[in-house]
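In my numbering, the protein residues as written are 197 to 437.
Heads up: the structure comes next, in structure tokens.
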Amino acid sequence: MGKPKILIVGTFHMGSTPDMMQSGLENFLSPKRQAEISDVIAKLKKFEPNKIAVEIVKDNEAELNKSYQDFLNNTFELKVNEVHQIGFRLNAELKNNKLFAIDWMGDVGQKGIGEVMEWSKANQPDLYQLINEVYLPKIAPQFNGLSISEILKVCNDKKRLMLEQEMYMNVVRIGEDLNYVGIEWVRWWYQRNLTIFSNLTRLAKADERILLLIGSAHVYLVTQFLSESGLFEIDDLNVYI
197 MGKPKILIVG TFHMGSTPDM MQSGLENFLS PKRQAEISDV IAKLKKFEPN KIAVEIVKDN
257 EAELNKSYQD FLNNTFELKV NEVHQIGFRL NAELKNNKLF AIDWMGDVGQ KGIGEVMEWS
317 KANQPDLYQL INEVYLPKIA PQFNGLSISE ILKVCNDKKR LMLEQEMYMN VVRIGEDLNY
377 VGIEWVRWWY QRNLTIFSNL TRLAKADERI LLLIGSAHVY LVTQFLSESG LFEIDDLNVY
437 I
């Protein structure tokens, strides 16, 4: 019996989120974008996953699958987000009965990223400038004129993912003396991604095929944790898209 296979699909967020970066794209319900989404679904279907894990808080899994069953029964209108537009539709094509929520958004008393950056702006403008004027422009999505499939390739580009991780390591530097301002958020970020990893291990049985649909900001760390665990065989997204 072989290790479970996992395909990590780092996505952009189609809807509004509090993330550091937004896609800036609109009109995902247009015939052109809907055709592009159908094309992505056809490509990802070739991986033949028997489980699809999505970036939804685990506590909300029952609600997630209630919506999915309503969708299967034609009593639910898909919203403009990647879980519905890609996750629901792909899962239905595969005739899988449910989706799996693997996210965690618990409060560990940390400062939010916005609060951290405001502190940096007031107290360490050099780091604030480095993150906002050097890193963010380099990793910010440049999606204009690209198809959804092409956008996913950009989201999962290894150089871009590494640069994003470098940015987070510079967030760690924010603070002075014994006031580790940046670490307060980054430790939460690591805990969130470790929890995602832990939830994935609970899904994994030998020879299973899991597709993880998640914001691309998570890809670097989740891939690292999956690889270092030795529990999974990680497939290459470029083979499919």
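Glycine included, C-beta positions come from ideal geometry on N, C-alpha and C.
Would you list the one or two residues that DSSP bridges to residue i?
i	result
Arg405	Lys201
Gly411	Thr207
Glu372	Asn375
Ile430	Ile202
Determine the direct distance from the alpha carbon of residue j to that of residue i, and round the result to whole angstroms.
i	j	result
Lys247	Asn292	7 Å
Glu273	Ile298	23 Å
Glu257	Arg398	14 Å
Ile430	Ala318	42 Å
Asp303	Met210	25 Å
Leu342	Leu225	16 Å
Leu348	Gly206	7 Å
Glu390	Leu295	In the sequence as presented, Glu is not what sits at residue 390; that position holds Leu. For Leu390 and Leu295, the distance between alpha carbons rounds to 20 Å.
Gly310	Ile410	22 Å
Ala288	Asn434	23 Å
Glu360	Leu408	19 Å
Leu229	Asn269	The residue asked about is misnamed: residue 229 is Arg in this sequence, not Leu. Taking the straight line joining both Cα atoms gives about 24 Å.
Tyr331	Leu357	12 Å
Gln306	Tyr364	15 Å
Ala400	Leu427	9 Å
His414	Asp353	13 Å
Glu279	Lys254	Before going further, note that residue 279 is Val rather than Glu in the sequence given. Near 14 Å, if we compare the C-alpha coordinates of Lys254 and Val279.
Glu362	Ala336	14 Å
Asn366	Val418	19 Å
Tyr386	Gly308	14 Å
Ser412	Met197	31 Å
Ile155	Ser234	Any question about residue 155 goes unanswered here, given that the chain covers just 197 to 437.
Pro333	Pro321	17 Å
Ser423	Lys275	33 Å
Lys201	Arg383	28 Å
Val350	Glu259	31 Å
Tyr436	Leu240	6 Å
Phe208	Asn277	9 Å
Gln281	Ala231	11 Å
Lys355	Leu203	19 Å
Gln338	Glu346	11 Å
Span of the alpha helix (DSSP H) holding residue i?
i	result
Val368	354-368
Ser345	344-351
Thr391	377-399
Val236	227-241
Phe267	257-268
Lys317	309-319
Pro333	332-335
Asn287	285-289
Looking only at C-alpha atoms, which of the options sits nearest to residue i?
i	options	result
Lys199	Glu404, Asn434, Gly302	Glu404
Gly378	Glu259, Leu323, Asn270	Leu323
Ser394	Ser425, Val415, Trp315, Phe284	Ser425
Glu314	Trp381, Leu417, Trp385	Trp381
Arg388	Phe421, Ala238, Gln320, Ile406	Phe421
Ile237	Ile406, Pro227, Lys201, Leu290	Leu290
Lys242	Ser423, Ile406, Tyr416	Ile406
Asn328	Phe339, Ser316, Gln338	Ser316
Leu368	Leu396, Leu326, Asn223, Met301	The displayed chain sequence assigns Val, not Leu, to residue 368. When only C-alpha atoms are compared, the closest one is Leu326.
Glu244	Ile252, Met301, Ala402, Leu286	Leu286
Gly300	Val312, Tyr416, Ala249	Note that residue 300 is Trp in the sequence shown here, rather than Gly. Closest by alpha carbon: Ala249.
Identify the continuous beta strand (DSSP E) that holds residue i and give its terminal residues.
i	result
Val253	247-253
Ala297	296-299
Three-pair Cβ contact test at 8 Å for the region 367-383 versus the region 259-277: no
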